[in-house]
């Protein structure tokens, strides 16, 4: 595996990335919370795009993987800035966004801010607004008090070790919500969601489907698929979804 390249963002963060050349709109993979660009889905899509001659970009948000900073320092807005810097600096023309979990939220934020840059969107267990509707809404009174008092709390996870959620992440997430106001997505959108996902519910996927305004938006529920959505059949479904949105943009 070659070493990553690095991008200095306008905010002074150092973002690690891999960029593969090709023809057509660049496929950009946006990973999940505390995930990195070496994950199964990102690497699989890179190999698949290379075989198809399509350009591909994967990168680590600040505080993730090989990029600068620590996770506890970051928030949704910081990672949106990282996403915008990576896409606007490293790609030209239209892009196809593939957002996994928190990356689904990031893809919606980028599409809302830069609608003319997006040719199509694929989400995988998208988690828009999760800091408000997932974390804050389910915190106990004791957790909310501890967050206000200490500025952070530790959260368990079904998919990784416990991690720190900061008051800054909650407060910043509240200013980045996408499911409260109109969400125009003027391109083809494919949403993939496993029914056995314990991190993001099918109700979240349906809420996004009902809320967004797109001329061609579809949700595929996959029975018994979990949040990772990275076994062989699921990877094939991601390939098909990317193929669909590229064809719709042609």
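In the numbering used here, the protein residues as written are 69 to 318.
Here a beta-carbon is modelled for each residue, glycine too, at the ideal position from N, C-alpha and C.
Taking only the alpha-carbon atoms, compute the straight-line gap between residue i and residue j and give it to the nearest angstrom.
i: residue 145; j: residue 130; result: 11 angstroms
i: residue 139; j: residue 278; result: 32 angstroms
i: residue 300; j: residue 133; result: 24 angstroms
What's the call for residue i, buried or exposed, on a 16-neighbour Cβ count within 10 Å?
i: residue 261; result: buried
i: residue 266; result: exposed
i: residue 149; result: buried
i: residue 198; result: buried
i: residue 175; result: buried
i: residue 187; result: buried
i: residue 205; result: exposed
i: residue 91; result: exposed
i: residue 293; result: buried
i: residue 172; result: buried
Pick from the options: whose alpha carbon is nearest that of residue i?
i: residue 135; options: 142, 83 and 170; result: 83
i: residue 76; options: 281, 154 and 288; result: 154
i: residue 192; options: 165, 315 and 184; result: 165
i: residue 224; options: 71, 211 and 317; result: 211
i: residue 244; options: 169, 97, 303 and 181; result: 181
i: residue 121; options: 100, 104, 98 and 87; result: 87
i: residue 229; options: 103, 79 and 249; result: 103
Can you check whether the CB of residue j is closer than 8 angstroms to the CB of residue i?
i: residue 272; j: residue 289; result: no
i: residue 305; j: residue 112; result: no
i: residue 275; j: residue 247; result: yes
Which residues does DSSP list as the beta-bridge partners of residue i?
i: residue 284; result: 256
i: residue 321; result: The requested residue 321 does not occur in the structure, where the chain is confined to residues 69 to 318.
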